[in-house]
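In what follows, a structure is listed as structure tokens, so that the remarks can point back to it.
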Amino acid sequence: CRCCAEGRRHGGSILYSILRSEERAVPPAGPAPRGCPCGSRRRVALRSPQVACKAASAVLVKTLRFVQNVPCFQELPLEEQLLLVRSCWAPLLLLGLAQERVQLETVESAEPSMLQRILTARRQGERPPPPAPAPPPGRQHHGPHLPAAGHIQAIKGFLAKCWSLDISTKEYAYLKGTVLFNPDLPGLQCTQYIEGLQREAQQALNEHVRLIHRGDEARFAKLNVVLSLLRSINANVVAELFFRPIIGAVNMDDMLLEMLCAKL
1 CRCCAEGRRH
11 GGSILYSILR
21 SEERAVPPAG
31 PAPRGCPCGS
41 RRRVALRSPQ
51 VACKAASAVL
61 VKTLRFVQNV
71 PCFQELPLEE
81 QLLLVRSCWA
91 PLLLLGLAQE
101 RVQLETVESA
111 EPSMLQRILT
121 ARRQGERPPP
131 PAPAPPPGRQ
141 HHGPHLPAAG
151 HIQAIKGFLA
161 KCWSLDISTK
171 EYAYLKGTVL
181 FNPDLPGLQC
191 TQYIEGLQRE
201 AQQALNEHVR
211 LIHRGDEARF
221 AKLNVVLSLL
231 RSINANVVAE
241 LFFRPIIGAV
251 NMDDMLLEML
261 CAKL
């Protein structure tokens with residue numbers, strides 16, 4: 001394909017464009033409190049869903065604008081671009097939320113759990129309610145889809161880790177480049193080209209850390225821990241948390257395609 005044939009014609013244009021499209025990093029926040037693992041199945045919701053969803057939507061638009069402004073990304077065929085964006089929109093969004101210091105305030109769901117309903121029914125001498133039937137294959141429940149507390153704690157832990165490291169604008173840029181150019185996705189045709197871009201972002205991050213943080217030999221490893229935390233967060237949880245409360249059931253693939261083809 002054209003992108004593979006052209007190789008490194010643009011040299012450092014990817015990093016220059018990433019840095020040019022990024023804004024100043026935000027100040028750090030304190031670490032997130034550790035929760036009891038026995039409560040990880042509790043359902044939680046955003047305390048102010050409209051505020052948080054509006055902030056997340058703005059960050060998503062800014063993120064896709066940043067992606068579109070990378071020349072090396074523009075050289076890829078549209079099918080390749082869509083594959084990359086579909087796979088990395090959630091981690092890129094979370095990096096953007098961390099950089100913009102978007103606070104994630106949640107509350108436990110008022111809906112009682114199955115155990116609470118069973119205990120209440122027993123105290124009242126009633127028969128315990130039957131478990132809710134599973135949805136048919138390919139279909140979803142029409143009721144509320146609230147993420148489990150454990151999933152939300154993983155997101156909060158990621159944000160707290162970023163804030164505790166006081167990640168700079170350049171470091172966020174290189175992390176986003178590493179996330180965006182993932183050569184391991186099935187169906188990619190320009191894998192060598194994309195792998196080279198990811199390696200370039202990682203090398204630039206390492207060189208920046210060695211230059212700016214000479215006394216912190218472990219910082220590069222700490223920043224890569226941030227990437228490992230991102231991999232443990234499910235994209236469906238991010239969609240349910242930030243977009244369903246406002247726009248309901250959403251097909252992220254359709255929305256990303258529409259946004260990617262639009263001039264943001």
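Quick note on full-length UniProt numbering: the sequence shown kicks off at 1 and runs consecutively.
Backbone N, C-alpha and C define an ideal beta-carbon position, used for all residues, glycine too.
This one's a predicted model, so the numbers in the text were calculated from it and none came from an experiment.
Exposure label - residue i; buried when at least 16 CB within 10 Å
| i | result |
| --- | --- |
| Q203 | exposed |
| Q192 | exposed |
| A160 | buried |
| V51 | exposed |
| Q74 | exposed |
| C88 | buried |
| I212 | exposed |
| A218 | exposed |
| A173 | buried |
| N251 | exposed |
Beta-carbon separation (whole angstroms), residue i vs residue j, contact threshold 8 Å
| i | j | result |
| --- | --- | --- |
| V179 | L92 | 6 Å |
| D253 | R86 | 6 Å |
| I155 | I233 | 6 Å |
| Q189 | E80 | 6 Å |
| E171 | L256 | About 25 Å; that fails the 8 Å criterion. |
| L227 | L175 | 7 Å |
| L260 | L82 | 6 Å |
| T106 | L46 | 6 Å |
| F243 | C53 | 6 Å |
| A235 | A90 | 4 Å |
Which listed residue (the options) has its alpha carbon closest to that of residue i
| i | options | result |
| --- | --- | --- |
| C72 | L97, F181, G150 and R47 | F181 |
| W163 | L95, A235 and E240 | L95 |
| P49 | A235, Q81 and L104 | L104 |
| H208 | K62, E258, E75 and I167 | I167 |
| G196 | I212, D216, L159 and G177 | G177 |
| R43 | L175, R231 and A148 | A148 |
| L84 | L211, A249, D184 and A262 | D184 |
| T63 | H151, A98 and L211 | A98 |
| T169 | L78, E100, R210 and E258 | E100 |
| V102 | E258, F158 and P186 | F158 |
Residue i beta carbon near the ligand FMN (any heavy atom closer than 6 Å)
| i | result |
| --- | --- |
| R231 | Only the bare structure without any ligand can be found here, which leaves the ligand FMN out of the picture. |
Problem set entry | Contiguous alpha helix (DSSP H) assignments of at least 4 residues, all confined to the stretch 75 to 107 | Here the runs fully enclosed are 78 to 99.
Exercise. Given 8 Å as the limit, is there contact between the stretch 57 to 66 and the stretch 186 to 203, that is, 3 or more CB pairs closer than that?
Worked result: Per the Cβ contact rule, the stretch 57 to 66 is not in contact with the stretch 186 to 203 (fewer than 3 Cβ pairs under 8 Å).
For this session: Examine the Cβ distances between the stretch 67 to 82 and the stretch 228 to 244 and report whether three or more of them are shorter than 8 Å.
Result: When C-beta atoms of the stretch 67 to 82 are compared with those of the stretch 228 to 244, fewer than three pairs fall below 8 Å, so the two segments do not count as touching.
Exercise. At what residue ranges does the stretch 214 to 261 contain a whole run of the alpha helix (DSSP H), taking only runs of 4 or more?
Worked result: Secondary structure in the stretch 214 to 261: the alpha helix (DSSP H) runs of 4 residues or longer, each lying completely within the stretch, are 219 to 231, 235 to 242, 244 to 247 and 252 to 261 in chain order.
For this session: Would you list, in sequence order, the uninterrupted alpha helix (DSSP H) runs of no fewer than 4 residues that lie entirely inside the stretch 52 to 78?
Result: List check, alpha helix (DSSP H) in window: 71 to 74.
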